[in-house]
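Novice: Count the sequence shown with UniProt numbering and you get residues 1 to 753, in order.
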Amino acid sequence: MSELNSAVVTALQPGAASVGRLVVIGLGLIGGSFAKGLRARGVCREVVGVDLDPESCRLAVELGVVDRCEGNLAVACRGADVIQLAVPILAMEKLLGELARLDLGNAVLTDVGSAKGNVVRAARRAFGGLPSRFVPGHPIAGSEQSGVEAANGELFRRHKVILTPQEGTDPAAVALIDGLWRALEADVEHMQVEHHDQVLAATSHLPHLLAFGLVDSLAKRSENLEIFRYAAGGFRDFTRIAGSDPVMWHDIFLANREAVLHTLDLFRDDLDALRDAVDAGDGHQLLGVFTRARVAREHFSKILARRAYVDAMHSNDDLIFLANPGGTLSGRIRVPGDKSISHRSIMLGSLATGTTEVEGFLEGEDALATLQAFRDMGVVIEGPHHGRVTIHGVGLHGLKAPAGPLYMGNSGTSMRLLSGLLAGQPFDVTLTGDASLSKRPMNRVAKPLREMGAVIETGPEGRPPLSIKGGQRLTGMHYDMPMASAQVKSCLLLAGLYAAGETSVTEPAPTRDHTERMLRGFGYSVQTEGATASLSSGGALSATRIEVPADISSAAFFLVAGSIARDSELVLEHVGINPTRTGVIDILRLMGGDITLENQREVGGEPVADLRVRSASLKGIDIPEDLVPLAIDEFPVLFVAAACASGRTVLRGAEELRVKESDRIQVMADGLLALGIQCEPTPDGIIIEGGQLGGGEVVSHGDHRIAMSFSVASLRASAPIRIHDCANVATSFPNFLALAAQVGIRVSEEGKS
Ligand code: S3P
1 MSELNSAVVT
11 ALQPGAASVG
21 RLVVIGLGLI
31 GGSFAKGLRA
41 RGVCREVVGV
51 DLDPESCRLA
61 VELGVVDRCE
71 GNLAVACRGA
81 DVIQLAVPIL
91 AMEKLLGELA
101 RLDLGNAVLT
111 DVGSAKGNVV
121 RAARRAFGGL
131 PSRFVPGHPI
141 AGSEQSGVEA
151 ANGELFRRHK
161 VILTPQEGTD
171 PAAVALIDGL
181 WRALEADVEH
191 MQVEHHDQVL
201 AATSHLPHLL
211 AFGLVDSLAK
221 RSENLEIFRY
231 AAGGFRDFTR
241 IAGSDPVMWH
251 DIFLANREAV
261 LHTLDLFRDD
271 LDALRDAVDA
281 GDGHQLLGVF
291 TRARVAREHF
301 SKILARRAYV
311 DAMHSNDDLI
321 FLANPGGTLS
331 GRIRVPGDKS
341 ISHRSIMLGS
351 LATGTTEVEG
361 FLEGEDALAT
371 LQAFRDMGVV
381 IEGPHHGRVT
391 IHGVGLHGLK
401 APAGPLYMGN
411 SGTSMRLLSG
421 LLAGQPFDVT
431 LTGDASLSKR
441 PMNRVAKPLR
451 EMGAVIETGP
461 EGRPPLSIKG
471 GQRLTGMHYD
481 MPMASAQVKS
491 CLLLAGLYAA
501 GETSVTEPAP
511 TRDHTERMLR
521 GFGYSVQTEG
531 ATASLSSGGA
541 LSATRIEVPA
551 DISSAAFFLV
561 AGSIARDSEL
571 VLEHVGINPT
581 RTGVIDILRL
591 MGGDITLENQ
601 REVGGEPVAD
611 LRVRSASLKG
621 IDIPEDLVPL
631 AIDEFPVLFV
641 AAACASGRTV
651 LRGAEELRVK
661 ESDRIQVMAD
671 GLLALGIQCE
681 PTPDGIIIEG
691 GQLGGGEVVS
701 HGDHRIAMSF
711 SVASLRASAP
721 IRIHDCANVA
731 TSFPNFLALA
741 AQVGIRVSEE
751 GKS
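1. Let me check you understand the geometry: is the CB of D684 closer than 7 Å to at least one non-hydrogen atom of the ligand S3P?
2. Taking C-alpha atoms, which residue in E569, L52 and L657 lies nearest to G331?
3. Within this structure, are the beta carbons of D551 and L362 separated by less than 8 Å?
4. Could you give the DSSP three-state label for H701: helix, strand or coil?
5. For the beta strand (DSSP E) that D594 lies in, which residues bound it at each end?
6. Determine the DSSP secondary structure at Q372, reduced to helix, strand or coil.
7. So what does Q527 bridge to, in DSSP terms?
8. Name the DSSP beta bridge partners of D237, please?
9. Counting along the chain, where does the alpha helix (DSSP H) carrying residue 793 start and finish?
10. Take H386 as the anchor and find which of P336, M415 and V295 has the nearest alpha-carbon.
11. Which whole runs of the alpha helix (DSSP H) in the region 668-714 are 4 residues long or more, in chain order?
12. Please classify D626 as buried or exposed, where buried requires at least 16 other C-beta atoms within 10 Å of its C-beta.
13. Taking just the CA atoms, how far does G179 sit from R566?
14. Nearer than 7 Å: is that true of the beta carbon of K439 relative to any heavy atom of the ligand S3P?
15. Among A499, G395 and D434, whose alpha-carbon lies nearest the alpha-carbon of R463?
16. Return yes when the C-beta of I665 is under 7 Å from any heavy atom of the ligand S3P, and no when it is not.
17. Would you say S714 and G694 are within 8 Å of each other, going by their C-beta atoms?
18. Report the three-state DSSP secondary structure of Y498 (helix, strand or coil).
19. Could you tell me the distance, in whole angstroms, from the CA atom of V310 to the CA atom of P139?
20. Taking only the alpha-carbon atoms, compute the straight-line gap between L396 and A540 and give it to the nearest angstrom.
21. Would you check whether the ligand S3P has a heavy atom nearer than 7 Å to the C-beta of R612?
22. To the nearest angstrom, how far is it from the Cα of I162 to the Cα of Q84?
23. How many angstroms separate the CA atom of M347 from the CA atom of G383?
24. Which class does D311 belong to by DSSP, given the choice of helix, strand or coil?
25. Whole-angstrom Cβ separation of I89 and G113, contact assumed at under 8 Å?
26. Rounded to a whole number of angstroms, what is the C-alpha to C-alpha distance between P683 and E655?
27. Confirm the yes/no value for this check: CB of I632, any heavy atom of the ligand S3P, distance under 7 Å.
28. From what residue to what residue does the alpha helix (DSSP H) around S217 run?
29. If you draw a straight line from the C-alpha of F733 to the C-alpha of D237, how long is it?
30. In the structure shown, what three-state DSSP assignment does P405 receive?
31. From what residue to what residue does the alpha helix (DSSP H) around F321 run?
32. Does the count of Cβ pairs from the region 158-172 and the region 184-191 closer than 8 Å reach three?
33. Would you call the CB atoms of I688 and L672 closer than 8 Å?
34. Grab me the residues of G37's own chain with a C-beta within less than 6 Å of its C-beta, minus the 5 sequence neighbours each way, in chain order.
35. Assign T203 to buried or exposed, taking buried as 16 or more other Cβ atoms, counted over all protein chains shown, within 10 Å of its Cβ.
36. Please classify G583 as buried or exposed, where buried requires at least 16 other C-beta atoms within 10 Å of its C-beta.
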């Protein structure tokens, strides 16, 4: 690598002419767009084009794609800094052979071929080994048009470009090519050659083969030419790519033969299975394929909607809620379904024999992560559609190994409960999560599961990912939980379904008992004696109907909102009031809140009621420690109540709050301080002095409940509150903004009010 090139990589600034001469060989759409974009940005001192077609050369100069064209390859390349090979992929070998005979000096070679193994092999043959200054590349971009006349300097903006450097490739050469693509505003990634070719074979080459093949297969039977007249949008959409350039695609299939054959064989097996299912009238199999495909396609559309080819999981868009001060609340609303019960309905419904119908299911991202995990393990699940889900249970021993890691998103409940259930399966599985979940402690489940015989590895310091080894013999045991955690209790009970003998768990304080209740609802015997829940393996779950009540943890935002807003009265319908969850009502009442329970009834083993809340003048209290586990998720919004109360509120014994979706003690303290409320975080709680909330900027740190709590705070604020990082509200309460607006809270997405 020349000093020249190592110097230029540090400063590929538009307009800075950091590269001397760029030579682009092949002035088609891709080569032309590369040349034109860099030339327009002034990144190169000179852009020289080479093409066998004189007309393309003439047009390239005329359209400002290049500074000049050169007929002689050797002359063009002498003294070049970068040589871009943009010829059709099957012409690459001949071109590389010619280049190998020239003195290329310090030039860095790169290419745009859409199969990389083939180009790398050709370069090896031509140069007798891969030149260290050759950086293979592939921009994933295109257009319906072709030729230099379609060249577009913006073609690669926000499109992926994959570079496949080899072990011996000069890092400075890689950095230089990387910098050129970035100057064109492309998203550059590096990948192994084989991986690139497999990925492209699956996502691009196979679909083209199918489209060409299907259209030909239908068209060549002459009677079918007639039926095209009846083809509607579906056929047109599916076969659009059969209109692509046949010569180019012929080249690609020949160049990427192995990878295409591999994906084609896999697809042929799946197609045979579909054929068999149609033949056998196996609707269950068809439904399985179609429901899985539909979600996969929806997921894909979301990725595309945000930004072409960008990984949705790494999006760093900051969704801001703007909450305007004041407001009086009124109305009747039903908040979405209970998150804890929704998770469990999918888990137990999947492990049951028969078909379980769920109503009121929470269509939030956390519960959907659980749903997707079971789909990935072969369970056919219809919906959710307006809260209705149909689960075709596979029985306790019917789960199948998923094809890859199970992604749990933001959901601690999914990861902890599933770890217990999966410890008893015959297959290996890995559980991963988003940035917030990846920081949360998992040893609280991994440690007792290991004592039962499970083999589990965690990431550093007991954090996700969790790798669970299948085929282990679990043994039931008794466990005294060191912390009051329903997730740990549920995890061990679910592992107990697969462990020899009895599994029992004693909790230091009562925690939510939805797992125990729902297991009984599925006909599985669970004993509860005092603080201990136990079960034995060997039973079976039979499908049932589940009606999920509205989530008291979501209702809590409106219980506090209705209490602190002036002259307000609000009814929250059909809220679950399981006694292990009602701490928020007790605490608000102790503070002077006016909440009444109406129309109490029991639905599917869970008590529910309509909750009426009226404005009240709240006063600060010492929160009784025994209420902490019963209101564990509601503290962020209870802190807002405390900020609006007269006097001091003290919380102790709540260190668990520090390991939720965020450190809820610190994050709430930071936000309240920013809004002018005096408060002091302590290791296991907080002291809050009631006062006047001001306006300002607060950060939710990706924690849904923090975002919603500060939205509620606006009701008593003296100025607007801007709340950062609110996208995760969708994990538990997807329609929060709509319901908040409906009852009179003035919060909306910034820019969309
Ligand atoms: C949950 C239990 C609680 C709670 C979480 C849901 C459950 O966690 O905070 O939102 O569904 O079991 P811990 O059991 O860790 O306290």
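By construction, the Cβ of each residue, glycine as well, lies at the ideal position given by its N, Cα and C atoms.
Specialist: Checking against the coordinates, here is how it stands:
1. Here residue 684 is taken as the residue at index 684 of the sequence shown, counted from 1. No; taking the cut-off as 7 Å, the Cβ of D684 has no heavy atom of the ligand S3P nearer than that.
2. Along the sequence shown, read from residue 1 onward, the residue named residue 331 stands at position 331. Comparing Cα positions, the closest option is E569.
3. Position 551 of the sequence shown holds residue 551. Position 362 of the sequence shown holds residue 362. Yes, Cβ-Cβ distance for D551 and L362 is below 8 Å.
4. Translated into positions along the sequence shown, residue 701 becomes position 701. H701 falls in the coil class under three-state DSSP.
5. If you number the sequence shown from 1, residue 594 lands on position 594. It spans D594 to V603 - the beta strand (DSSP E) in which D594 sits, taken as one unbroken run.
6. Taking the sequence shown and counting its residues from 1, the one referred to as residue 372 is at position 372. Helix at Q372.
7. Translated into the one-based positions of the sequence shown, residue 527 becomes position 527. For Q527, the beta-bridge partners assigned by DSSP are S534.
8. Indexing the sequence shown from 1 puts residue 237 at position 237. Per DSSP, none; premise fails for D237.
9. Because the chain spans 1 through 753 in this model, residue 793 falls outside it and cannot be assessed.
10. Here the question's residue 386 lines up with position 386 in the sequence shown. For the residues P336, M415 and V295, the minimum Cα distance to H386 belongs to P336.
11. Counting only runs of 4 or more, we get 704-713.
12. Here residue 626 refers to the residue found at position 626 of the sequence shown. Flag for D626 reads exposed.
13. For this step, residue 566 is matched to residue 566 along the sequence shown. For this step, residue 179 is matched to residue 179 along the sequence shown. Those two C-alpha atoms are separated by around 58 Å.
14. Walking along the sequence shown from the start, residue 439 turns up at place 439. Not under cutoff, so the answer is no.
15. For the purposes of this step, residue 463 is taken as the residue at position 463 of the sequence shown. Selected option, being the one with the closest Cα: D434.
16. Within the sequence shown, numbered from 1, the residue matching residue 665 stands at position 665. For the ligand S3P, no non-hydrogen atom lies closer than 7 Å to the CB of I665.
17. Within the sequence shown, the letter at position 714 stands for residue 714. Within the sequence shown, the letter at position 694 stands for residue 694. In this structure, S714 keeps its C-beta atom at 8 Å or more from the C-beta atom of G694.
18. Here residue 498 refers to the residue found at position 498 when the sequence shown is read from its first residue. For Y498, the three-state secondary structure derived from DSSP is coil.
19. If you number the sequence shown from 1, residue 310 lands on position 310. If you number the sequence shown from 1, residue 139 lands on position 139. Unreliable placement is indicated for V310, whose pLDDT of 32 sits below 50; the coordinate value is still reported in the next sentence. Straight-line Cα distance between these residues: approximately 14 Å.
20. Along the sequence shown, one-based indexing puts residue 396 at 396. Along the sequence shown, one-based indexing puts residue 540 at 540. Going by the C-alpha atoms only, they are around 7 Å apart.
21. Here residue 612 corresponds to residue number 612 of the sequence shown, with the count starting at 1. No, the Cβ of R612 stays beyond 7 Å of every heavy atom of the ligand S3P.
22. The count along the sequence shown starts at 1 and reaches residue 162 at position 162. The count along the sequence shown starts at 1 and reaches residue 84 at position 84. C-alpha separation (whole angstroms): 15 Å.
23. To locate residue 347, count along the sequence shown from 1; it is residue 347. To locate residue 383, count along the sequence shown from 1; it is residue 383. M347 and G383: Cα-Cα distance of roughly 15 Å.
24. Locating residue 311 in the sequence shown gives position 311, where the first residue counts as 1. Annotation note: pLDDT 36 at D311 (below 50); position unreliable, no value reported.
25. Here the question's residue 89 lines up with position 89 in the sequence shown. Here the question's residue 113 lines up with position 113 in the sequence shown. Between G113 and I89 the Cβ distance is about 5 Å, and since that is below 8 Å, they are a contact.
26. Here residue 683 refers to the residue found at position 683 of the sequence shown. Here residue 655 refers to the residue found at position 655 of the sequence shown. Approximately 7 Å between the Cα atoms of the pair.
27. Residue numbering aside, residue 632 sits at position 632 when the sequence shown is read from its first letter. The beta carbon of I632 sits closer than 7 Å to at least one heavy atom of the ligand S3P.
28. Translated into positions along the sequence shown, residue 217 becomes position 217. S217: member of the alpha helix (DSSP H) spanning L206 to A219, first to last residue.
29. Position 733 of the sequence shown, counted from the first residue, corresponds to residue 733. Position 237 of the sequence shown, counted from the first residue, corresponds to residue 237. Straight through space, the alpha carbons of D237 and F733 are spaced by roughly 35 Å.
30. Here residue 405 refers to the residue found at position 405 when the sequence shown is read from its first residue. DSSP places P405 in coil when its eight states are reduced to three.
31. As a position in the sequence shown, residue 321 is number 321, starting the count at 1. Unbroken run through F321 is the beta strand (DSSP E), F321 to A323; no alpha helix (DSSP H).
32. Between the region 158-172 and the region 184-191 there are three or more C-beta pairs closer than 8 Å, enough to call the two in contact.
33. Residue numbering aside, residue 688 sits at position 688 when the sequence shown is read from its first letter. Residue numbering aside, residue 672 sits at position 672 when the sequence shown is read from its first letter. In terms of Cβ geometry, I688 and L672 form a close pair [threshold 8 Å].
34. For the purposes of this step, residue 37 is taken as residue 37 along the sequence shown, with counting starting at 1. Counting only Cβ-Cβ distances below 6 Å, and skipping sequence neighbours, we find G153 and L184.
35. Taking the first residue of the sequence shown as position 1, residue 203 is located at position 203. Exposed, since its Cβ has fewer than 16 Cβ neighbours within 10 Å.
36. Sequence index remark: in the sequence shown, residue 583 carries index 583 (1-based). So G583 counts as buried.
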